[in-house]
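With this note's numbering applied, the sequence shown corresponds to residues 5 to 278, in that order.
Glycine is no exception: its CB is placed at the ideal position from the N, C-alpha and C atoms.
Contents: one structure, followed by commentary.
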Amino acid sequence: MYSTAPLRVNELSAEERGVYETLDPARMPDHVAIIMDGNGRWAGMRSLRRFLGHQQGAKSVQLVTETASRIGLPWLTLYAFSLENNLRRPRAEVNFLMRLLRSYLENNVQRMMDNNVRIRYIGRTHELPTEVQERMQWAAEETRRNTGTTLTLALNYGGRSEMVDAFRALAAEMARTGRKMEDATEEDVHRHLYTAHMPDPDLLVRTSGEMRVSNYLLWQIAYTEIFVTERYWPDFRGVHLLEAIAAYQRRERRYGGLSEAEAEPIPEDAQVTA
Ligand code: FPP
């Protein structure tokens, strides 16, 4: 475990506590990543405008983060705004999302402090509007010393562009140090990812039923367990995070290997037909 903060499970709701008590404390994930999807559909089903779905989605961000902090989850990484969202959504919606992010940071830093949450960001954040970047830096600075959950918002993020940025940084480092690109290792690439300071996600949750990874943490999810729920993000709460963790704990992670029970001797003369 990466977090040294005390558990605050006494602050869970009765419903959350019910699920939490079924979990195996020895097999809690260190890092949960979430693709928050379905804000628009949530609003559409209620004949509401899309932006109200995003607004409700921002509430889910805070509530899920607080549950994560109560159970001592060290890393929570949320896909808040992709490069594709930035390029392909109507300007008015992008502007609204930017204003929502600013307001979210302004209004929730105190709650992050109360919950010992540290906020950070990944993505090409230098391309975001200056006033948004200023708020982001302020929130990161204010919460810097917190020791509980690190909430990472992926903003103006794309998995492929993260790799391009990593390769460029690695090439520059090699030019400086005289190493050759042919000698590059996985570890070299890893050191230059935006996520170099954190473990890879153990669990990736996607809301609203879509079976896609949508350019999210492509390098990092190589061995991540994926959990998809039909629930739209604005309806996703701490209890659903706990249910996703329960489903994760029912999986057997093999990292390309076999369990003891499956490993069987193969005779040298076993016939090969292909
Ligand atoms: C997908 O809904 C969601 C996003 C565009 C990203 C998530 C954004 C939020 C939760 C808003 C607030 C976030 C913060 C950090 C304050 P969609 O519009 O793609 O939904 P749809 O697929 O149903 O149209």
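If you check the C-beta of R54 against the ligand FPP, you find a heavy atom less than 7 Å away. Per DSSP, E229 is one residue of the beta strand (DSSP E) stretching across 229 to 232. If you look at W142, you'll find it in the alpha helix (DSSP H) that goes 134 to 146.
Distances between the C-beta of D41 and the heavy atoms of the ligand FPP include at least one below 7 Å. Taking non-hydrogen atoms of the ligand FPP into account, the C-beta of W237 is found less than 7 Å away from one of them.
Contact between the segment 224 to 242 and the segment 40 to 47 is established, with three or more Cβ pairs separated by less than 8 Å. For N89, there is no enclosing beta strand (DSSP E); the enclosing alpha helix (DSSP H) covers residues 87 to 92.
The DSSP-derived three-state label of T71 is helix. In this structure, the ligand FPP has no non-hydrogen atom nearer than 7 Å to the beta-carbon of F240. With respect to the 8 Å criterion, T71 and E25 are not classified as neighbours on the basis of their beta carbons. R115 and V65 have their C-alpha atoms spaced approximately 12 Å apart. With a cutoff of 7 Å, R45 counts as near the ligand FPP, since its C-beta is closer than that to a heavy atom of the ligand. Set against 7 Å, the gap from the CB of L221 to the closest heavy atom of the ligand FPP is not smaller. With 16 or more other CB atoms across the displayed protein chains lying within 10 angstroms of its CB, H58 is buried. As the crow flies, the alpha-carbon of Y83 is around 49 Å from that of Q275.
Closer than 7 Å to some heavy atom of the ligand FPP: that does not describe the Cβ of L246.
Residues A37, T156 of the same chain have their beta carbon placed closer than 6 Å to that of T81, with the five preceding and five following residues left out of the count. When rounded, the separation of the alpha-carbon atoms in R31 and Y252 is 9 Å.
Residue side-chain check: H35 keeps its Cβ at 7 Å or more from all non-hydrogen atoms of the ligand FPP. Between the segment 217 to 229 and the segment 245 to 262 there are three or more inter-stretch CB-CB distances shorter than 8 Å, so the stretches are counted as touching. Annotated as distal: M167 and M178, with beta-carbon spacing of 8 Å or more. Counting only the Cα atoms, V13 lies some 15 Å from I249. Setting aside the 5 residues that flank it on each side, S86 is surrounded in the same chain by A158, N160, Y161, G162, S218, N219, Y220, each with a C-beta closer than 8 Å to its C-beta; the list follows chain order.
Bridge partners of L208 according to DSSP: A37, I230.
Taking C-beta atoms as the reference points, F100 and F55 count as a pair closer than 8 Å.
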